[in-house]
Amino acid sequence: MTKSHHTLGEEMHSWATELFPLNRSLTGDGTIKTFEFFAKKLENFEFINTPSGTEVFDWTVPKVWNMRSGYIKNLAGNTLVDFGVNNLHVVGYSEPVHGIFTKDELREHVFFLVEQPSAIPYVTSYYRDMWGFCLKFEEWENLGEGPFEVIIDAEKIDGDLVYGETFLAGESSQEILFSTYVCHPSMASNELSGPVVLTKLMQYLSTLKDRHYSYRAVFLPETIGALVFLNNNLERLKLNLVAGWVMTCLGDGGNLSYIPSRLGNTYADRITLKTLSDHGKLFMKYSWLDRGSDERQYCAPGIDLPVCSVTKTKYGEYAEYHTSLDNLEYISPEGLEESLEFYVQLIENLEANRTPKIRTIGEPHLSKYQLYRSTSIKNANNEDNLLNVISYLDGQHNIQEISQLCKIDEQDVLEEVEKLRVNNLLS
């Protein structure tokens, strides 16, 4: 990367700042505007549309939801709660409503957190028709006795669920997948940190010469978007996917956190743990039972893809999660930088950790290539490392695994592999 990491962190934070006010959901104008923002920064960014009502596995693509305005006023005309001030104030996918309500009647449609009185909670109802408002508990306490005029000016219409995808071809058709979600309104770490870090990561990858793997990035609505993507691509993914990661919650100052795949022993898991070890800092290790993002879909029975996740402080593990306190002050350029550094190091390890295969049938005649002594004598130095490495060059073992099997450093394995490569002995 040409810029310093500090400058990159500030740039990513500025992107999050620009996108923060948009009202995102599974569908709708704010989500489309967010995709358009990233499309301007990435090569070959493609929009994939799926109509409302489409059956996807056991799910149905919902209608498109757009909010225009929403507020609670007293009968004196004073605005007490306003969607225009904070888009978390209206429950996601609320039905339209306009009426006069007593406080008791309104209470059935209001959500707040008594234990976090200064936080607006994030609440959605994608698949059940209802309406509601989200308030700080202290706002509810000071709302007055009513009655209140309530308006939610919203629409649910037939349209398209949209996700975005960009692809960078490498020497191999084998793929690495990075997945992030674009479906939450104004939250910083849980929503915007993943897309901004992934965008910068793909920009870095586009400058990387001689990529071995092909890299695919998807920006999609969580859960239903991942299911639509899988429905469109499952056969190809099962054939070509080497490893994948869900990128979310990457902007705060906490330690890195690892959430494994369902099986826990995929190549994605192994290269993640190696990279975390290389990173040299403390990290949190969770179990599959702690999952909560789209790794649920990628690893579900019948899907079974090698996908795990690395976050900063994991979703659900910080008090600001799914509230208005997950704001631009909660994330920082430094937190975004550290996440980017990890994923860049992950790519470096992926590119170095290939799965070579010897071209010959049987052991190659190494002395022909000046790779083995031509005269045999008792107690002479031999080439055990090279021979041991060759014995595992079956196209089934990668560099990391060969290092462990041969009990030699990965760098030594790479040196032996390079000798074979320059002599055209590897496929």
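Taking this note's numbering, the leading residue of the sequence shown gets 593, the next gets one more, and so forth.
Yeah, the Cβ is synthetic: ideal placement off N, Cα and C, and Gly gets one too.
Beta-bridge partners of residue i, as assigned by DSSP
i	result
Trp-651	Val-648
Trp-657	Lys-748
Thr-838	Per the sequence shown, the amino acid found at residue 838 is Val instead of Thr. According to DSSP, Val-838 bridges with Ser-771 and Ser-901.
Asp-986	Lys-949
Cys-891	Answer is none; Cys-891 lacks a bridge partner.
Val-742	Ile-664 and Gly-691
Asn-641	Val-754
Thr-716	Gly-684
Tyr-850	Lys-877 and Val-902
Phe-759	Arg-808
Same chain only: Cβ atoms within 6 Å of residue i, ignoring 5 sequence neighbours per side
i	result
Arg-660	Asp-745
Lys-533	The structure shown does not extend to residue 533, since the chain is modelled only from 593 through 1019, so no value can be given for it.
Pro-688	Ile-744 and Ala-746
Gly-714	The sequence given here has Tyr at residue 714, not Gly. Contacts found: Leu-680 and His-914.
Cβ-based neighbour list, residue i, same chain, cut-off 8 Å, excluding 5 preceding and 5 following
i	result
Gly-987	Thr-947, Pro-948, Lys-949 and Ser-1019
Glu-610	Phe-629
Trp-837	Leu-769, Phe-770, Ser-771, Ala-860, Thr-864, Val-899, Cys-900, Ser-901, Val-902, Tyr-935 and Leu-938
Gly-751	Thr-619, Pro-643, Ser-644, Lys-655 and Val-656
Local Cβ density within 10 Å of residue i, reported as buried at 16 or more and exposed below that
i	result
Ala-761	exposed
Asn-782	buried
His-681	buried
Gly-645	exposed
Tyr-922	buried
Ala-608	buried
Asp-1001	exposed
Ala-668	exposed
Gly-601	buried
Trp-690	A quick correction: the sequence has His, not Trp, at residue 690. Exposed, since its Cβ has fewer than 16 Cβ neighbours within 10 Å.
Gln-962	exposed
Asn-945	buried
Leu-928	buried
Gln-889	buried
Thr-981	Contrary to the premise, residue 981 reads as Val rather than Thr in this sequence. Counting Cβ neighbours within 10 Å, Val-981 comes out buried, since at least 16 surround it.
Gly-662	buried
Asp-886	buried
Ile-712	buried
His-957	exposed
Glu-647	exposed
Ser-959	exposed
Lys-970	Because Lys-970 carries a pLDDT of 49, less than 50, the predicted location of this residue cannot be relied on, and no value is offered for it.
Glu-733	exposed
Under the three-state DSSP convention, the category residue i falls into
i	result
Asp-918	coil
Pro-787	helix
Gly-817	helix
Asn-679	helix
Asp-674	strand
Phe-811	strand
Met-722	coil
Asn-1015	coil
Asp-800	Residue 800 is actually Leu in this sequence, not Asp. Correct three-state label for Leu-800: coil.
Leu-978	helix
Val-702	strand
Leu-727	coil
Lys-999	coil
Leu-833	strand
Glu-628	helix
Lys-960	helix
Ser-931	helix
Ala-860	helix
Lys-633	coil
Asp-896	coil
Gly-908	coil
Thr-577	Past the edges of the chain, shown from 593 to 1019, lies residue 577, and the structure says nothing about it.
His-776	coil
Ser-710	coil
Asn-734	coil
Thr-549	With the chain running from 593 to 1019 in the structure shown, residue 549 is simply not present.
Proximity test, Cβ basis, 9 Å: residue i and chain B
i	result
Arg-720	Here chain B cannot be found, since the structure has a single protein chain.
Check: residue i C-beta below 8 Å from any heavy atom of the ligand ATP
i	result
Val-754	As for the ligand ATP, it is missing from this structure, which has no ligand bound.
Cutoff 7 Å; reference residue i; Cβ partners in own chain excluding five residues on either side
i	result
Leu-790	Phe-770, Thr-772, Ala-809 and Met-839
Arg-854	Trp-880 and Cys-891
Gly-884	Tyr-907 and Gly-908
Phe-612	Ser-778, Ala-780, Leu-784 and Leu-920
Ile-994	Val-981, Tyr-984 and Val-1005
Asp-651	Before going on, a small fix: residue 651 reads as Trp here, not Asp. Cβ within range, chain order: Ile-816 and Leu-819.
Counting Cβ pairs, one atom from each stretch, are 3 or more of them under 8 Å apart for the region 816–832 and the region 871–881?
-> no
Using 8 Å as the threshold, is the region 809–824 in touch with the region 774–787, meaning 3 or more CB pairs across them?
-> yes
Segment contact, 8 Å Cβ cut-off, at least three pairs: the region 659–679 with the region 791–798 = no
Does the count of Cβ pairs from the region 839–853 and the region 905–912 closer than 8 Å reach three?
-> Yes, the region 839–853 touches the region 905–912.
Three CB pairs or more closer than 8 Å across the region 724–741 and the region 700–707 | Using a Cβ-Cβ distance cut-off of 8 Å, the region 724–741 and the region 700–707 are in contact, since at least three pairs of beta carbons, one from each stretch, lie closer than that value.
Give a yes or no on contact between the region 729–739 and the region 634–654, applying the rule of three or more CB pairs nearer than 8 Å.
-> Three or more Cβ pairs closer than 8 Å define a contact, and the region 729–739 falls short of that threshold against the region 634–654.
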